[in-house]
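Same order as they appear, the protein sequences are chains B and D. Just so you know, we're using this note's numbering here: the first sequence kicks off at 31 and counts up by one. Just so you know, we're using this note's numbering here: the second sequence kicks off at 31 and counts up by one. Think of the CB as a built atom: it goes at the ideal place given N, C-alpha and C, for glycine as much as any other residue. Note that the coordinates shown come from a computational prediction; the quantities given were computed from them, not determined experimentally.
2 protein chains.
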Amino acid sequence: MRRVKLVVAYDGSNYCGWQIQPSGITIEEMLNNALTGLLGEEIKVIGASRTDSGVHSLGNVAVFDTMTRIPPGKICYALNQRLPEDIVVQDSCEVPLDFHPRRCYSEKAYEYRILNRKLPLPTLRRYTYFYYRDLNVKKMQQGASYLVGRHDFKSFCSVKTAVEDTVREVLSCTVEKSKEEVISIRVTGTGFLYNMVRIIAGTLISVGAGEIQPEAVKEILEKRERSAAGPTAPAQGLTMLGITYVKTEK
Amino acid sequence: MRRVKLVVAYDGSNYCGWQIQPSGITIEEMLNNALTGLLGEEIKVIGASRTDSGVHSLGNVAVFDTMTRIPPGKICYALNQRLPEDIVVQDSCEVPLDFHPRRCYSEKAYEYRILNRKLPLPTLRRYTYFYYRDLNVKKMQQGASYLVGRHDFKSFCSVKTAVEDTVREVLSCTVEKSKEEVISIRVTGTGFLYNMVRIIAGTLISVGAGEIQPEAVKEILEKRERSAAGPTAPAQGLTMLGITYVKTEK
Numbered sequence: 031m032r033r034v035k036l037v038v039a040y041d042g043s044n045y046c047g048w049q050i051q052p053s054g055i056t057i058e059e060m061l062n063n064a065l066t067g068l069l070g071e072e073i074k075v076i077g078a079s080r081t082d083s084g085v086h087s088l089g090n091v092a093v094f095d096t097m098t099r100i101p102p103g104k105i106c107y108a109l110n111q112r113l114p115e116d117i118v119v120q121d122s123c124e125v126p127l128d129f130h131p132r133r134c135y136s137e138k139a140y141e142y143r144i145l146n147r148k149l150p151l152p153t154l155r156r157y158t159y160f161y162y163r164d165l166n167v168k169k170m171q172q173g174a175s176y177l178v179g180r181h182d183f184k185s186f187c188s189v190k191t192a193v194e195d196t197v198r199e200v201l202s203c204t205v206e207k208s209k210e211e212v213i214s215i216r217v218t219g220t221g222f223l224y225n226m227v228r229i230i231a232g233t234l235i236s237v238g239a240g241e242i243q244p245e246a247v248k249e250i251l252e253k254r255e256r257s258a259a260g261p262t263a264p265a266q267g268l269t270m271l272g273i274t275y276v277k278t279e280k
Numbered sequence: 031m032r033r034v035k036l037v038v039a040y041d042g043s044n045y046c047g048w049q050i051q052p053s054g055i056t057i058e059e060m061l062n063n064a065l066t067g068l069l070g071e072e073i074k075v076i077g078a079s080r081t082d083s084g085v086h087s088l089g090n091v092a093v094f095d096t097m098t099r100i101p102p103g104k105i106c107y108a109l110n111q112r113l114p115e116d117i118v119v120q121d122s123c124e125v126p127l128d129f130h131p132r133r134c135y136s137e138k139a140y141e142y143r144i145l146n147r148k149l150p151l152p153t154l155r156r157y158t159y160f161y162y163r164d165l166n167v168k169k170m171q172q173g174a175s176y177l178v179g180r181h182d183f184k185s186f187c188s189v190k191t192a193v194e195d196t197v198r199e200v201l202s203c204t205v206e207k208s209k210e211e212v213i214s215i216r217v218t219g220t221g222f223l224y225n226m227v228r229i230i231a232g233t234l235i236s237v238g239a240g241e242i243q244p245e246a247v248k249e250i251l252e253k254r255e256r257s258a259a260g261p262t263a264p265a266q267g268l269t270m271l272g273i274t275y276v277k278t279e280k
């Protein structure tokens, strides 16, 4: 028996998120079906980031156990033959049998992209959130700075979750505008709450639009109340960039 | 009667190109239908660049004549309400009645994007051409340099066209690789032949892959024969960036 780790990129536009659910097709289900077909064993992957419906990924992580003789490094190529073009496994490698992608220490990186101009651009519509009003990037950067560090992020967590410990550590939170009028919010951290990055994005958009003062982000954290923060920004602007594990590959 | 100029952005993935044809839906047809519905007159636009099936645009140009009282600058907003999200008119303004988007002097800019890495990325699949083998950007830049200037581009023109004069002027042709492993070929010129940018891209890809020497691009031009150049690169990598007209707006 071996445990194999996959790095999975996907365009989330046509999926009901990562996690298997009765109402629609998910990334997890697509991977389980493709792996089961390829390896001739019933495979159930364990994912690192259970991304929402419509969220994209360049490097989500999943593991599964297998008896196959296919070398772990070759599995990704064979697997991609069985996956549609909107899911591409970027890498496969063996990891220790006790490696669990959500229980190990890891650093996750997300990017939220906002197209900030007067009219939408069709070629960016699936991968950015279009926002018409002028956003002040400097204010967004200032607001973002208060989020860095170990804080209780209860205000930045969907009320649709029952998690008790809402303390998380944000390692960095940067805001940049490209010459193509795309504002990118990049957040890295050791763990995230349900909808946390999208609520951070929604709050920083409110800061950029002048509806929330940059310094108020500090108070929003202190309130520990979802209603204190800004709205949850739409899914299509969010991409999980990747996950770094320390000392896990065999 | 007024002549109105539109700047049109679109995701070409779901269209059979610009020009009206019996076999499928085109950008031109979508614009004609939306304008006819909006203005209550039968409208037929004249386009500047008749892009192929699958080619995208940030700023193609079209004109039409109308008796409407809607201010020309407002037409784009009203029109976008009647267009699907993969076509967005970026601007509308009045131009002289004799302004013809293909007969005036103009400078057109195109970008061909190649995703050059070992595995495809789902979120870029519609807007780049995935190429697996390592491309040498320096060689591509050297090859590109021979194309700049006024040349007979017969070798870079599809044989499916009957055009007689194949002399065109390329104002610039640059090749750059981004940190996201996307190689962008940008070409500007005062006129282009059928498939010219895609054949330039296909030829520079062959140069980057080592199949054609950079200096051979000069010889390819001199041969005046389509078969001397590289293949026609796939449509989805091509985006029409925009068109600059000199002294046309009223």
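Practice item. Quick one: residues in its chain with C-beta nearer than 7 Å to the C-beta of V285/D, no 5 flanking neighbours on either side, listed in chain order? Key: The displayed coordinates of chain D run from 31 to 280. Any statement about residue 285/D would go beyond what the structure contains.
Point to revise | Sequence-distant residues of the same chain with beta carbon closer than 6 Å to C203/D, five excluded per side | key: Looking up residue 203/D in the second sequence gives position 173. Correct list, in chain order: A174, L177, V178, V217.
Practice item. Indicate whether the contact test is met: 3 or more Cβ pairs, each with one atom in the region 102 to 116 of chain B and one in the region 48 to 65 of chain D, closer than 8 Å. Key: In this structure the region 102 to 116 of chain B does not lie against the region 48 to 65 of chain D, because fewer than three pairs of beta carbons, one per stretch, are closer than 8 Å.
**Study point:** Best match in D195/D, G70/D, I229/D, A39/D for proximity to S78/D [C-alpha to C-alpha]
**Key:** Residue 78/D sits at position 48 when you count from the first residue of the second sequence. Looking at the sequence shown, residue 78/D is not Ser but Ala. The option with the nearest alpha carbon to A78/D is A39/D.
Exercise for review: Quick one: measure Cβ to Cβ for L199/B and G219/B, integer angstroms, because I've assumed they're closer than 8 Å.
Suggested key: As a working mapping, residue 199/B is identified with position 169 in the first sequence. As a working mapping, residue 219/B is identified with position 189 in the first sequence. One point to set straight first is that residue 199/B is Glu, not Leu, in the sequence displayed. With a Cβ gap of about 6 Å, E199/B and G219/B count as contacting.
Practice item. Could you say which of L149/B, G260/B, S136/B lies nearest to M221/B if we only look at CA atoms? Key: The residue labelled residue 221/B in the question sits at position 191 within the first sequence. One point to set straight first is that residue 221/B is Gly, not Met, in the sequence displayed. Ranking L149/B, G260/B, S136/B by Cα distance to G221/B puts S136/B first.
Exercise for review: Using a threshold of 7 Å, state whether the C-beta atoms of C123/B and P102/B are closer than that.
Suggested key: What you label residue 123/B is simply residue 93 of the first sequence in a count that begins at 1. What you label residue 102/B is simply residue 72 of the first sequence in a count that begins at 1. Cβ atoms of C123/B and P102/B: closer than 7 Å.
Check your understanding: What is the DSSP secondary structure of A263/D, counted as helix, strand or coil?
Key -> Within the second sequence, numbered from 1, the residue matching residue 263/D stands at position 233. The answer is coil: DSSP assigns A263/D none of H, G, I, E or B.
Practice item. Report the residues of the region 116 to 144 of chain D with a CB closer than 7 Å to any CB of chain B, ordered along the chain. Key: Listed by position along the chain: D116, I117, V118, Q120.
Practice item. Using the Cα positions of S236/B and M31/B, report the straight-line distance between them to the nearest angstrom. Key: Taking the first residue of the first sequence as position 1, residue 236/B is located at position 206. Taking the first residue of the first sequence as position 1, residue 31/B is located at position 1. Rounded to the nearest angstrom, the two C-alpha atoms are 50 Å apart.
**Study point:** Residue of R256/D, S214/D, L127/D, T98/D minimising C-alpha distance to G238/D
**Key:** Your numbering for residue 238/D matches position 208 in the second sequence. Among R256/D, S214/D, L127/D, T98/D, the Cα nearest to that of G238/D is on S214/D.
Review point. Hey, does A259/B have any beta-carbon neighbour from chain D nearer than 7 Å?
Key: In the first sequence, residue 259/B corresponds to position 229, counting from 1. No, because no Cβ of chain D sits closer than 7 Å to the Cβ of A259/B.
Check your understanding: Is there at least one Cβ from chain B nearer than 7 Å to D41/D's Cβ?
Key -> Reading the second sequence from its first residue, position 11 is the one you call residue 41/D. At least one CB of chain B lies nearer than 7 Å to the CB of D41/D.
Point to revise | Buried or exposed by the 16-neighbour rule on C-beta atoms within 10 Å, applied to S257/B | key: If you number the first sequence from 1, residue 257/B lands on position 227. Answer is exposed; the Cβ neighbour count stays below 16.
**Study point:** Three-state secondary structure assigned by DSSP to E279/B
**Key:** Here residue 279/B corresponds to residue number 249 of the first sequence, with the count starting at 1. Note that E279/B scores a pLDDT of 46, beneath 50, so its modelled location is shaky and nothing firm can be said.
Exercise for review: Would you mind working out which of T262/D, Q266/D, T66/D, T274/D sits nearest I229/D, comparing C-alpha positions?
Suggested key: The residue labelled residue 229/D in the question sits at position 199 within the second sequence. The shortest C-alpha separation from I229/D is found at T262/D.
Exercise for review: Could you name the residues of chain D that L88/B contacts, counting a contact when the two beta carbons are closer than 8 Å?
Suggested key: Your numbering for residue 88/B matches position 58 in the first sequence. Chain D residues near L88/B: L151, T153.
Check your understanding: DSSP on S257/B, reduced to helix/strand/coil?
Key -> Counting from one through the first sequence, the residue named residue 257/B turns up at place 227. It is helical.
Review point. How is R228/D classed by DSSP in three states: helix, strand or coil?
Key: Taking the first residue of the second sequence as 1, we reach residue 228/D at position 198. Correct three-state label for R228/D: helix.
Check your understanding: Is the beta carbon of R156/D less than 7 Å from the beta carbon of S43/D?
Key -> Counting from 1 along the second sequence, the entry for residue 156/D is found at position 126. Counting from 1 along the second sequence, the entry for residue 43/D is found at position 13. Yes, the pair counts as a contact, with Cβ atoms nearer than the cut-off.
**Study point:** In chain order, each alpha helix (DSSP H) run of at least 4 residues that lies wholly inside the region 88 to 130 of chain B
**Key:** Within the region 88 to 130 of chain B, the complete alpha helix (DSSP H) runs of at least 4 residues are 102 to 110.
Review point. Since Y157/B meets chain D, which of its residues come closer than 7 Å, beta carbon to beta carbon?
Key: Indexing the first sequence from 1 puts residue 157/B at position 127. Within chain D, the residues near Y157/B are T153.
Exercise for review: Mark E279/D as exposed unless 16 or more other C-beta atoms lie within 10 angstroms of its C-beta, in which case mark it buried.
Suggested key: Position 249 of the second sequence, counting from 1, holds the residue named residue 279/D. Low confidence applies to E279/D: its pLDDT is 46, below 50, so where it sits in the model is not reliable enough to give any reading.
Check your understanding: Exposed or buried, what is T191/B when buried is set at 16 or more other beta-carbons lying within 10 Å of its beta-carbon?
Key -> Within the first sequence, the letter at position 161 stands for residue 191/B. Residue environment for T191/B: exposed (fewer than 16 other C-beta atoms within 10 angstroms of its C-beta).
Check your understanding: Quick one, which of P244/B, L151/B, N146/B has its alpha-carbon nearest R17/B's?
Key -> Since the first residue shown for chain B is 31 and the last is 280, residue 17/B is missing from the structure and cannot be characterised.
Review point. Which first and last residues belong to the beta strand (DSSP E) in which V167/D is found?
Key: The residue you call residue 167/D lines up with position 137 of the second sequence. From DSSP, V167/D is part of no beta strand (DSSP E) but of the alpha helix (DSSP H) over 167 to 175.
Check your understanding: Under 7 Å, do S83/D and G47/D count as touching if we go by C-beta distance?
Key -> For the purposes of this step, residue 83/D is identified with residue 53 of the second sequence, where counting begins at 1. For the purposes of this step, residue 47/D is identified with residue 17 of the second sequence, where counting begins at 1. Their beta carbons are under 7 Å apart, which means S83/D touches G47/D by this criterion.
Exercise for review: Just the C-alpha distance for V189/B and K138/B, rounded to the nearest angstrom, thanks.
Suggested key: On the first sequence, position 159 is the one that residue 189/B refers to. On the first sequence, position 108 is the one that residue 138/B refers to. Straight-line Cα distance between these residues: approximately 22 Å.
Check your understanding: At what residues does the beta strand (DSSP E) containing G179/B begin and finish?
Key -> Start at 1 with the first residue of the first sequence, and residue 179/B comes out as number 149. Where G179/B is concerned, the enclosing beta strand (DSSP E) starts and stops at 179 to 182.
Point to revise | Close Cβ partners of L36/D (< 6 Å) along its chain, the five nearest in sequence each way excluded | key: Locating residue 36/D in the second sequence gives position 6, counting from the first residue. Here the set comprises A92, V119, S122.
Exercise for review: Mind reading off the beta-carbon distance from I73/B to N90/B? Whole number of angstroms is fine, and I expect it under 8 Å.
Suggested key: By 1-based counting over the first sequence, the position of residue 73/B is 43. By 1-based counting over the first sequence, the position of residue 90/B is 60. Between N90/B and I73/B the Cβ distance is about 17 Å, and since that is not below 8 Å, they are no contact.
Check your understanding: According to DSSP, what are the bridge partners of L149/D?
Key -> Position 119 of the second sequence, counted from the first residue, corresponds to residue 149/D. Answer is none; L149/D lacks a bridge partner.
**Study point:** Three-state class that DSSP yields for V75/D in the structure shown
**Key:** The residue given as residue 75/D occupies position 45 in the second sequence. Coil at V75/D, not helix or strand.
Check your understanding: With which residues is G221/D paired in a DSSP beta bridge?
Key -> The residue you call residue 221/D lines up with position 191 of the second sequence. None; G221/D has no bridge partner.
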